[in-house]
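*Asks:* Sharing a structure with you now.
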Amino acid sequence: MITTASKSNEGGITPPVHLEFIQNQLENPGAAAAAAAEIEEYHRALFLHHHAVEWEQVRQKARTHAERLTFLEGRLKETELRLSGRPGLVPVMVDGCEDTVPNPPWNGWDRFMFAICCLGIVCLIAFGVSNISFNLLESGFITFRENPLRAYLWTALLPVGALAIKVGWDSLRENRARDLYLWSCLVLGVLGVLVWVGAYASVYPTLSKGINDQIASLTVFDAPSTGTASPGLNFSGAKWIDVITVAGQAVAEIFLSAVLGMYMTNLYARHRPVRLARDPATAQLDQERGKLEESIARERQGLGEANGHIAKLENQLAALLAYGKSMFHREAARRQDQTQKRQIILEQLSDHVRSHLDSAEPENRLAGTAATTSYRANGT
């Protein structure tokens, strides 16, 4: 039968203290000297009977975590050693050469030209969009008259065309091809400006006349079929002049905007800082180091939990053994107290019997003396 002390003293210790075994050891006088050691061994075996499998599993788990932790720490040291021998940044390859030559810093003139080019591109695009959209709206096309937004969407071809020409220049790798491309665009842009200005100048005298001048110039002999009027003043000639003006304006704005963008790119390339890029091998090693650190953290956490579980079981065993020893000493003290009390009672009883015997001894002695005397008298 397994009995324990009060539940308040148990403290959740499993398995409980075997009080019957302690009492049997105390009742065995031959093994009294080794009773404490036997009680400790018995409760240790009892505890391992309940928790040996759990204890061994936790020990193996802690061993596994420790071995993996050692392996991961070794890999982490190797990775850090490889990282220490590699640069974090490497120069970028530009036109087949490493970009390691520093460029001159920005100066006031280049900053001013860069700002002027930005402003010129904005003005060209804004003027072209507003002017061409106005011409499209005044053309009388029903598609633009019903939905004026379409006219502004058509004019979006100007910035898109300029951007496409700039992308073509960026795609070239040889400096000679880039220069030829830039000068060709500049020539086309200047020709567009000249055509635009020439077409506008050809109709400017007619456009500059007021209403009175137009009425005064009219005669009864004016007729389209006479051929006396100039081609630029009749209806058909005016329409062709408008077409040439719009086309020249569009070509000038597209190519000049692209040329200004190319010049801004050259300005920036002249003063840009040295370009460096992250070494791919260094980046990969850095990622590997981060993953190893996360794995090491998880293994350390698992090892800590396993060691904590082992310490918990060890402390539970120590508490059980200490509690068993305390129960043994308590039972031994209690039995010793009972023996002493029994001895005291026996001594008291013996003293009481002795006192009775001592009080009865003189009477017996007097009776014996009288009998002897009477016997002697009768005999004589």
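When you number the sequence shown by my numbering, it's gap-free, plus one each residue, and the end is 367. We put the beta carbon where it would ideally sit given N, CA and C, even for glycine.
1. For PHE58, count the other beta carbons within 10 Å of its own beta carbon; 16 or more makes it buried, fewer makes it exposed. Which is it?
2. Exposed or buried, what is TYR310 when buried is set at 16 or more other beta-carbons lying within 10 Å of its beta-carbon?
3. If you draw a straight line from the alpha carbon of GLN335 to that of HIS37, how long is it in whole angstroms?
4. For ARG137, report the span of its alpha helix (DSSP H) as first-last.
5. Keeping to the same chain, check which residues put their C-beta closer than 8 Å to that of ALA53; ignore five residues upstream and five downstream.
6. Would you list, in sequence order, the uninterrupted alpha helix (DSSP H) runs of no fewer than 4 residues that lie entirely inside the segment 241 to 278?
7. Do the segment 278 to 288 and the segment 30 to 50 touch if we need at least three Cβ pairs shorter than 8 Å?
8. What three-state label does DSSP hand LEU159 in the structure shown?
9. Could you give the residue range of the beta strand (DSSP E) that holds VAL77?
10. Rounded C-beta distance between LEU145 and GLY115? I'm assuming under 8 Å.
11. Output needed for GLY235: all residues of its chain with C-beta closer than 7 Å, excluding positions within five of it in sequence on either side, in chain order.
12. Using a Cβ cut-off of 8 Å (strictly closer), state whether GLY185 contacts chain D.
13. Give every residue of the same chain whose Cβ lies closer than 6 Å to the Cβ of PHE34, excluding the five residues on either side of it in the sequence, and list them in chain order.
14. Determine the DSSP secondary structure at ASN90, reduced to helix, strand or coil.
15. Under 8 Å, with one C-beta from each stretch per pair, do the segment 101 to 116 and the segment 238 to 249 reach the 3-pair mark?
16. Span of the alpha helix (DSSP H) holding GLY115?
17. Would THR252 pass as a contact of LEU70 if the rule is Cβ separation under 8 Å?
18. Return helix, strand or coil for GLY179, following the three-state DSSP convention.
19. So, with DSSP's three-state summary, where would you put ASN72?
20. How about SER120 and ALA138: are their beta carbons less than 8 Å apart?
21. Work out the CA separation of GLN274 and GLY176 for me, nearest whole Å.
*Replies:* Inspection of the coordinates gives the following:
1. Here residue 58 refers to the residue found at position 71 when the sequence shown is read from its first residue. Result: exposed.
2. In the sequence shown, counting from the first residue as 1, residue 310 sits at position 323. Buried, by the Cβ-count rule.
3. Translated into the one-based positions of the sequence shown, residue 335 becomes position 348. Translated into the one-based positions of the sequence shown, residue 37 becomes position 50. For GLN335 and HIS37, the distance between alpha carbons rounds to 50 Å.
4. Along the sequence shown, read from residue 1 onward, the residue named residue 137 stands at position 150. Segment 136 to 141, the alpha helix (DSSP H) holding ARG137.
5. Here residue 53 refers to the residue found at position 66 when the sequence shown is read from its first residue. LEU290.
6. none
7. no
8. For this step, residue 159 is matched to residue 172 along the sequence shown. Residue state, collapsed to three classes: coil.
9. In the sequence shown, residue 77 corresponds to position 90, counting from 1. Run containing VAL77: 76 to 78, per the beta strand (DSSP E) assignment.
10. The residue labelled residue 145 in the question sits at position 158 within the sequence shown. The residue labelled residue 115 in the question sits at position 128 within the sequence shown. LEU145 to GLY115, Cβ: 5 Å. Contact.
11. Within the sequence shown, the letter at position 248 stands for residue 235. Result list for GLY235: GLY179, VAL182, TRP183, ALA186, in chain order.
12. The structure shown contains no chain D, having only a single protein chain.
13. The sequence position of residue 34 within the sequence shown is 47, counting from 1. Here the set comprises LEU304, LEU307.
14. As a working note, residue 90 is residue 103 in the sequence shown. Coil, per DSSP.
15. yes
16. Within the sequence shown, residue 115 is the residue found at index 128, counting from 1. Residues 95 to 125.
17. Indexing the sequence shown from 1 puts residue 252 at position 265. Indexing the sequence shown from 1 puts residue 70 at position 83. No, these two residues do not count as a Cβ contact at 8 Å.
18. The count along the sequence shown starts at 1 and reaches residue 179 at position 192. Three-state result, GLY179: helix.
19. Along the sequence shown, read from residue 1 onward, the residue named residue 72 stands at position 85. According to the sequence provided, residue 72 is Gly. The question's Asn does not apply to it. Of the three classes helix, strand and coil, the one that applies to GLY72 here is coil, per DSSP.
20. As a first step, residue 120 is located in the sequence shown; it is residue number 133 there, counting from the start. As a first step, residue 138 is located in the sequence shown; it is residue number 151 there, counting from the start. The answer is yes: Cβ separation under 8 Å.
21. The count along the sequence shown starts at 1 and reaches residue 176 at position 189. The count along the sequence shown starts at 1 and reaches residue 274 at position 287. Distance between the alpha carbons of GLY176 and GLN274: 51 Å.
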